[in-house]
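When the letters of the sequence shown are read in order and numbered with the numbering used here, they come out as residues 2 to 311.
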Amino acid sequence: MALIDDSQNLPAMTGEARVEDYLALLKPSVMQLVVFTAAVGLLVAPGDINPVIGIIAIVCIAIGAGASGALNMWYDADIDAVMSRTRNRPIPAGRVTPGEALAFGVVLAVFSVMLLGLATNWVAGGLLAFTIFFYAVIYTMWLKRWTPQNIVIGGAAGSFPPMVGWAAVTGTITWESVALFLIIFLWTPPHFWALALYKQADYGAAGVPMMPNVAGEASTKRQILVYTALLAVSALLPTWLGMAGTVYTIVAVVTGVSFLVLAARLVRTEESVAMRKSARVLFNYSLSYLFIVFFALLADNLLTRFGGAF
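Okay, structure coming up:
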């Protein structure tokens with residue numbers, strides 16, 4: 002699918018790059034979720050890790066996530082230039098050159114992987130390297146512009162951080178860490194497709210084959226409901242695997258049912274303005290859902306360790 006030519010969209014450089022612009026390349030809002038889920042994976046993993054090494058591991062994961070964001074913005078500068086929510090990013094706004102963003106991302110990627118591998122183990126380092134590669138190459142350069150399933154497959158990139166945190170402690174990949182991966186993986190489609198439902202015009206203008214633009218609103222809403230149901234079930238995996246107790250289970254059930262109710266309401270909403278409003282409500286809820294579920298898992302584990310079994 003052809004995209005708008007870069008030269009038509011990217012303005013002349015202003016030469017006004019600031020520290021804030023390089024920080025913006027790291028996608029700090031996305032990084033918050035990455036850091037949090039990685040920290041939970043590290044803290045609930047069996048075994049001990051030196052606190053200083055643990056902090057270094059989380060910093061490396063954050064830097065790796067930032068590197069992915071910078072590489073994504075470098076490659077997607079043409080798309081960002083025609084979308085209302087992204088056109089003021091540093092590259093399309095002309096404050097950072099594509100070459101500077103590419104170099105910045107590559108340096109951060111190499112640094113984060115090498116430091117994590119040396120500080121903890123190479124299972125964690127390898128997982129972080131694969132995460133960066135998956136997001137920057139498989140998702141950004143291939144899937145995003147090729148298939149409406151871009152978010153489904155590409156969502157794996159954002160699902161690896163708790164596995165990396167877990168591996169930093171244990172040096173292994175286990176079913177428990179895969180369960181944490183699966184929760185984020187199944188959360189991604191309803192989260193992003195809800196956004197795509199009320200940002201269809203932007204994605205259409207950029208030529209990105211998001212699900213609503215390709216399959217239509219009705220199909221997208223049904224798929225949101227299906228993935229939400231799968232998510233609600235997968236959120237109980239930590240309980241079934243013995244990773245969590247009553248506190249987490251109650252939170253997972255309540256938040257999962259609430260997510261399902263909002264998804265079902267979206268499916269039933271037909272009128273265009275009301276549908277976009279319902280999609281926005283679902284998107285905003287999804288932002289808090291993952292934080293709540295992972296915080297509940299952490300709290301449950303801390304209560305079990307230090308306050309007796311729950």
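Cβ atoms here follow ideal geometry from the backbone N, Cα and C, with glycine treated the same way.
What you are looking at is a predicted structure, and each value in this text was computed from that prediction instead of being measured.
| Item | Value |
| --- | --- |
| Exposure of Thr247, with buried meaning 16 or more beta-carbon neighbours within 10 Å | exposed |
| Nearest-angstrom Cα separation, counted from Val153 out to Leu108 | Here the sequence assigns Val to residue 108, which means Leu is not the residue at that position. If you take the alpha carbons of Val108 and Val153, they lie about 28 Å apart. |
| Contact belief for Ala25 with Pro93 at Cβ below 8 Å, rounded distance in angstroms | The pair is not a contact, with the Cβ atoms about 11 Å apart (cut-off 8 Å). |
| Three-pair Cβ contact test at 8 Å for the stretch 28-44 versus the stretch 58-67 | yes |
| 6 Å Cβ shell around Arg277 - same chain, five flanking residues per side excluded | Tyr199 |
| Sequence ranges, alpha helix (DSSP H) only - wholly within the stretch 124-179, length at least 4 | 151-155, 157-160, 162-171 |
| Residue nearest to Ser279 in terms of C-alpha spacing, selected from Thr240, Ile225, Val254, Leu232 | Ile225 |
| Extent of the continuous alpha helix (DSSP H) run through Thr38 | 29-45 |
| Burial state of Pro213, where buried means 16 or more other Cβ atoms lie within 10 Å | buried |
| Coil, strand or helix - Ala94 by DSSP | coil |
| Continuous alpha helix (DSSP H) stretch holding Pro99: start and end | 99-120 |
| C-beta contact flag for Phe112 and His192 at 8 Å | no |
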